[in-house]
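K.L.:
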Amino acid sequence: MFRRATSLLARPIISSARARTRPFSTDLPATEAGDSNFIENWKKLIPNIDPPKTPLSFMQPRPPTPSSIPTKLTVNFVLPYASELASKEVDMIIIPATTGHMGVLPGHVATIAELKPGVMSVHEGNDTTKYFVSSGFAFIHANSFADVIAVEAVPLDHIDQSLVQKGLAEFTQKLSSASTDLEKAEAQIGVDVHSALNAALTG
Amino acid sequence: MASQTAAVPFWRAAGMTYITYSNICANLVRNCLKEPHKTEALTREKVHFSLSKWTDGKPQKPTLRSDTPED
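Chains G and Y, in that order, are what the protein sequence lines are. The first sequence begins at 910 in my numbering and counts up by one. The second sequence begins at 848 in my numbering and counts up by one.
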C-alpha cells in the first residue's frame, strides 16, 4: 500500500531538483539508510503519524569504494537453493566467463560477466576450491565485492566421469542428426556442457 | 565499441530464451552427478503444480502435474 506513496506524495509537491541526472551507480557514495526526502515530505503533510519505513531503510547501504585497493576480495557465491559462499574474503577467483576464464583480484574494475558452463576456482592463501558452474552471472563491484550467481554449481568430485562421456557421445550424435534449429541448439548446448564437464575432470 | 548489433549466441538465434538455456545447462549438469548427489539434486528440483484453465469466469477441472525438471 505504501509502495506508491513516494511517487504519490512527490507529485503535488514541486521538488526543486526537477531534472535530476543520476550518475552511474558505481560513482554514487554510499547513501544513508532511509529515504530522507520522502520522510521530510511526509512530516510536512502528516505530522502526527510516524513515517512508514520504505524498502530503502531495510537495505544495507553498499559498502563504499575504498580509496586504496583492499587486500582481499569479498565473494558472495549464491545458488537458488543455497548460499555457497557468503561474504567470504578470498585472494582471487577465476570465473568461466563467456569471453574466457577471467581472474578477479581485489581492486578489479566493475564488471558484469555472463558465465558459460565451466570451472570456477576460489583461491584463498594456498587452498583452491573448484566448482563446476552450469551457467550464471558474475557481478564485480568497484569496492572489491563479487557476486557470483549460478543455477547449479557442484564441486568437481561430485561429477561422474562415465556419465559425462556417455552424455557427450549422445549429444554429438544428436547434433549430427538434428533437423530443426531448436533441436540443433539443444544438441549444441549438450555438447558444450559435456565437453566443459569433461575438460573440468581431466584438466 | 562493438557495432550496434552484437553477435547473438546460437541459442538465442534459434529462438531460445536465456532462462531456457540456463535451465537446460543446469539439468545436463545434474544428470552427470555421482549417485547420492544426483538423486538429491533431482528431488530438489522437482516441481508439482496444478493448472486450471478458466472459461466464462469459472475454473475448469485442474490438471495436476508433477513434472520432472526436463519440461
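Idealized CB from N, CA, C, for every residue including glycine. Given the structure is predicted, the values throughout are model-derived calculations rather than measurements.
1) Using a Cβ-Cβ cutoff of less than 7 Å, which residues in the same chain neighbour residue 898/Y once the five nearest sequence positions on both sides are dropped?
2) So, is the C-beta of residue 1094/G closer than 7 Å to a C-beta in chain Y?
3) Among residues of its own chain, excluding the 5 on either side of residue 993/G, which ones have a beta-carbon nearer than 6 Å to its beta-carbon?
4) Please tell me whether residue 866/Y has its Cβ less than 7 Å away from any Cβ of chain G.
5) Might you give, ordered along the chain, the residues of its own chain that have their beta carbon closer than 7 Å to the beta carbon of residue 938/G, omitting 5 neighbours on each side?
6) Report buried or exposed for residue 957/G, applying the criterion of at least 16 other Cβ atoms within 10 angstroms of its Cβ.
7) Per the DSSP calculation, residue 911/Y is bridged to which residue(s)?
8) Going by DSSP, what residues sit across from residue 1037/G in a beta bridge?
9) Could you work out which residues of chain Y lie near residue 1090/G, taking near to mean beta carbons separated by less than 8 Å?
10) May I ask you to list, following chain order, the residues of the segment 866 to 880 of chain Y that have a beta carbon less than 8 Å from some beta carbon of chain G?
11) Note down, one range per segment and in chain order, each alpha helix (DSSP H) of at least 4 residues found wholly within the segment 942 to 1024 of chain G.
P.N.:
Quick look at the numbers:
1) Sequence index remark: in the second sequence, residue 898/Y carries index 51 (1-based). Once the five neighbours on either side are set aside, the close Cβ partners of residue 898/Y are 909, 910 and 912.
2) Against the first sequence, residue 1094/G aligns to sequence position 185. For residue 1094/G, the answer is yes, since a Cβ of chain Y falls inside 7 Å of its Cβ.
3) On the first sequence, residue 993/G is found 84 positions in, with the first residue counted as 1. The answer, listed in chain order, is 986.
4) The sequence position of residue 866/Y within the second sequence is 19, counting from 1. By this cut-off, residue 866/Y is not an interface position.
5) Along the first sequence, one-based indexing puts residue 938/G at 29. Interpretation of residue 938/G is limited by its pLDDT of 46, a score under 50 that renders its predicted location unreliable; no figure is taken from the coordinates.
6) The count along the first sequence starts at 1 and reaches residue 957/G at position 48. In the assembly as shown, residue 957/G is an exposed residue. Its beta-carbon has fewer than 16 other beta-carbons within 10 Å.
7) Position 64 of the second sequence, counting from 1, holds the residue named residue 911/Y. Answer is 897/Y.
8) The residue you call residue 1037/G lines up with position 128 of the first sequence. Answer by DSSP bridge pairing, in chain order: 1032/G.
9) What you label residue 1090/G is simply residue 181 of the first sequence in a count that begins at 1. Result: 860, 861 and 862.
10) Within the segment 866 to 880 of chain Y, the qualifying residues are 868, 869, 870, 871, 872, 873, 875, 876, 877, 878, 879 and 880.
11) As far as the segment 942 to 1024 of chain G is concerned, its whole alpha helix (DSSP H) runs of at least 4 residues are 945 to 954 and 964 to 967.
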